[in-house]
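Working notes for the structure below.
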Amino acid sequence: MKVFFEKEVDSIQSIAIDKLVEHPYHKEVYESSPSSMLEESIKRTGDKPIYPIVVVPNPENDMYWVVSGMGRLATLVQLGQNEVEVKVLPYPCEETVKNLIVDLNKQRIKTGKEKLMEFRHYCNMYPPKKGVRGYNRYEIIGKELNLSKDQVKELLITNDFYCGEGDIVLERIFDNTLSNNQANTLKKCVEQQLEKFNSTDVFEKLSHGNFDFSRLDYGLKHLDPRDETEYNLLKSYLTRGITLMEFQKKLEQYGKVENRVKNHEDNKIHIPSNIDEFTLGNAHIIKGDNTKVEFTNPYEKPVNCIIGSPPYGDRRTNGDGQRKETGHGMNGQEYAVYLAETYQKYVPFLAEDGSIYVIVDEYRLDNGSFSCYLEHFVIEMVKRGLFLVGRYIWWKDNPMPRSYADKDMVAGYEMVYRFSKSSNDYYCNDDLFLELDKTTIKGFQEGCTNSDKKGNTTRGTEYYQSHLKKLRNTLSDQTCRDIIKGNVANPEDFFRQEEEKRHTSTSPIYLTSTLILESTRPNDVVVDIWNGVGNTMTSALLLNRKYIGVEMEDNYFQQSVRRLITTEQWLSEVTKEVKNTLKEYTGEITPSSEFSISIPVEQVYVES
Ligand SMILES: C[S@@+](CC[C@H](N)C(=O)[O-])C[C@H]1O[C@@H](n2cnc3c(N)ncnc32)[C@H](O)[C@@H]1O
């Protein structure tokens, strides 16, 4: 055994604190910080620690390496001392100074990490030596650390395996919060699923002593701890928060969701962003500002109905939170004129017996009072030669929460105004009135655009937006639910790419469908100059009308195009189902194009 110093060498000296630096090896092995416990005891012993800080001179300059007492030094600095009494030992060689550091810190209360570092220190100090008689490496290291030779042997194997990214496992073993057996079970899993253990983070996540390690292998085979959601599920299984059966059930649900997401991703349709018009089957979508863009109509017949919901004036945005949208900064009168002028541009395209439906909601001015733009708007439309021929309320089952700030008792509705070119010679579908009179169709009464991620409305009932089944008596419940996928107010919506913004103010399909049925015949042309993500389009396509949409925002234009493709595809697939159903009622149908169906809608009503 090498000894550090031949004879008594200690000398106590007062040294300025800025000359004292922690030795790099001390820093590597130990964690030092000032302690309030030490502060009190140092105060009791005349502002000096009982055991002095130990230093060695740095052979390269006039500084000193601190080899023991960093906690004491930090405490003295905190107490405001500029100079401290230290014990100065002569500098031995670099290797010996490392041993000195560990020896001087023997009495320290150590963390798992410090114990691990000391263990490694002794492993380096006593390397394997073959053929040296009487040299038992495990025994000597064990003596230094108060461990049996078998413990040392086992720790050496574990250290070799986890050293590096798995250090946290070893630290926990030395901290006594993880057993060697648990570490061994974890080791088997690491060997089998190495790809999941590619970071320190995963070792940290999976080496908790309170886990049931007999569950680890099964859990890890099904879940990937690198994913936070999967890890949380795994954790609740490993901590026995859930039973095996519950775990399996959750895995099943999880798998279904995963598959759904995968299907959704795989089926994404990418639309080139440089197109400003898209036509397919029975719909034509134009990208542009409706006040300026050229209105192109590929159908060679006039428009029978314009349906739409303009932006909400100065009130709110359609999802991007920007305050630069149409109507922002305008008072009620200005906005009314703006809207009426916009509609005026489209009147020449409207059939003589056609209708304009405007779905509108009031907004408040900065001073708190209503803008009254609805009233002004009706007057502005009438000034431009249009007649107000219908005035409905769109009643919302699950409106936005009532606003105390706005002092509104009721806010669960919007207005729908119907205008036409003539006061009495506009087309009306009497059959629709008959159907509504039968009261089997709830029409305006159900559904709204607000629902949670699971498709439930905030009022608790299932979100069941489309009443097309009842309106047409042709579609299955499931089909009606599938249509809802188009509702982009939901995060799981079908047409929006993940990076695209969600439209927050879409019109429900039952509303636009009812208005279309009231004012048009099959194959008529329906237009929405505030297309958004195309709910009016979906209604028109499902009701076998032609559609033209105008949308300013590229983002919503893209979503609508994708929606058009999917809806037309879907329609061509269900044509068979619809055909068969219809045959029972009408005897015949004639598809008008590959992607469209020609159904005499008004003839298919039956008692339900
Ligand atoms: C209230 S939302 C209508 C949503 C639509 N009904 C739906 O269900 O998706 C109004 C839409 O008009 C668009 N818009 C606003 N100003 C426009 C303009 N000047 N020209 C064309 N579109 C405009 C907005 O981007 C928004 O998508």
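Using this note's numbering, read the sequence shown as starting at 517 and increasing by one per residue.
Cβ coordinates follow ideal geometry from the N, Cα and C atoms, glycine included.
Residue i, DSSP secondary structure in three states
| i | result |
| --- | --- |
| Gln-529 | strand |
| Tyr-1101 | Confidence at Tyr-1101 is low in this model, with a pLDDT of 48, below 50, so its placement is unreliable and no value can be given for it. |
| Arg-934 | strand |
| Tyr-654 | helix |
| Trp-1046 | coil |
| Ser-1023 | coil |
| Gly-824 | strand |
| Phe-794 | strand |
| Gly-771 | helix |
| Gly-628 | helix |
| Val-1077 | helix |
| Glu-816 | coil |
| Leu-694 | coil |
| Tyr-1063 | strand |
| Tyr-942 | coil |
| Leu-1057 | helix |
| Tyr-929 | strand |
| Glu-660 | helix |
| Lys-645 | coil |
8 Å contact criterion, which residue i and residue j should meet: CB distance rounded
| i | j | result |
| --- | --- | --- |
| Thr-1022 | Val-1042 | In fact, because the Cβ distance is near 16 Å, the residues do not count as touching under 8 Å. |
| Ile-617 | His-542 | 5 Å |
| Tyr-889 | Tyr-851 | 5 Å |
| Lys-803 | Glu-1067 | 6 Å |
| Val-570 | His-637 | That belief does not hold up - the Cβ atoms of Val-570 and His-637 are roughly 17 Å apart, past 8 Å. |
| Trp-1046 | Pro-826 | 5 Å |
| Thr-701 | Leu-686 | That pair is no contact at about 15 Å. |
| Asn-813 | Phe-865 | 6 Å |
| Leu-1057 | Leu-1087 | 6 Å |
| Ile-823 | Leu-1031 | 5 Å |
| Arg-934 | Ser-871 | 5 Å |
| Ile-558 | Leu-592 | 7 Å |
| Tyr-753 | Arg-731 | 6 Å |
| Glu-1034 | Ser-938 | That pair is no contact at about 16 Å. |
| Leu-736 | Lys-766 | That belief does not hold up - the Cβ atoms of Leu-736 and Lys-766 are roughly 15 Å apart, past 8 Å. |
| Asp-563 | Leu-595 | 7 Å |
Residue environment, residue i, which counts as buried when at least 16 other CB atoms sit within 10 Å
| i | result |
| --- | --- |
| Gln-741 | It is worth fixing the name first, because residue 741 is Pro in this sequence and not Gln. Burial call: buried. |
| Gly-837 | In this predicted model, Gly-837 has a pLDDT of only 45, less than 50, meaning its place in the structure is not dependable; the value taken from the coordinates is given anyway. That one is exposed. |
| Lys-704 | exposed |
| Ala-532 | exposed |
| Phe-893 | buried |
| Ser-695 | exposed |
| Tyr-873 | buried |
| Cys-679 | exposed |
| Leu-632 | buried |
| Gln-1074 | buried |
| Cys-821 | buried |
| Trp-911 | exposed |
| Asp-1044 | buried |
| Gly-771 | exposed |
| Lys-646 | exposed |
| Lys-614 | buried |
| Arg-688 | buried |
| Tyr-879 | buried |
Cβ shell of residue i (< 7 Å), same chain only, five flanking positions each side left out
| i | result |
| --- | --- |
| Gly-682 | Phe-719 |
| Ile-684 | Thr-716, Phe-719, Glu-720, Ser-723 |
| Glu-670 | Asn-696 |
| Thr-1083 | Thr-1054, Leu-1057 |
Cut-off 6 Å between Cβ atoms - residues of its own chain near residue i, not counting five sequence neighbours on either side
| i | result |
| --- | --- |
| Asp-998 | Caution is warranted here: a pLDDT of 46 is assigned to Asp-998, below 50, making its placement in the model unreliable, and the coordinate value is therefore given only provisionally. Around Asp-998: no qualifying Cβ. |
| Thr-807 | Thr-858 |
| Val-604 | Ser-527, Gln-529, Val-571 |
| Val-876 | Leu-890, Met-931 |
| Tyr-607 | Val-572, Pro-573, Pro-575 |
| His-800 | Pro-814, Ile-1064 |
| Lys-1062 | Asn-798, Tyr-815, Val-1041 |
| Pro-902 | Before going on, a small fix: residue 902 reads as Leu here, not Pro. Taken in chain order, the residues that qualify are Phe-935. |
| Met-1053 | Ala-799, Tyr-1063, Gly-1065 |
| Asp-792 | Lys-803 |
8 Å Cβ shell around residue i - same chain, five flanking residues per side excluded
| i | result |
| --- | --- |
| Ile-580 | At residue 580 the sequence reads Tyr, which differs from the Ile that was named. Result list for Tyr-580: Ile-531, Lys-535, Leu-536, Val-537, Val-571, Val-572, Pro-573, Asn-574, Val-602, Val-604, in chain order. |
| Leu-904 | Val-894, Met-897, Val-898, Tyr-933, Arg-934, Phe-935 |
Residue i beta carbon near ligand 3 (any heavy atom closer than 7 Å)
| i | result |
| --- | --- |
| Tyr-1026 | Here the bound small molecules are ligand 1; ligand 3 is not part of this structure. |
Requested in this report: Could you pull out every unbroken beta strand (DSSP E) segment of at least 3 residues lying fully inside the region 561-625, listed in chain order?
Outcome: 569-573, 580-584, 599-604
Query raised in the report: What are the start and end residues of each continuous alpha helix (DSSP H) run of 4 or more residues lying completely inside the region 728-765, in chain order?
Result: 732-738, 744-754
Requested in this report: Can you check the region 840-924 for any beta strand (DSSP E) of at least 3 residues that lies completely inside it and give the ranges in chain order?
Outcome: 866-876, 903-911
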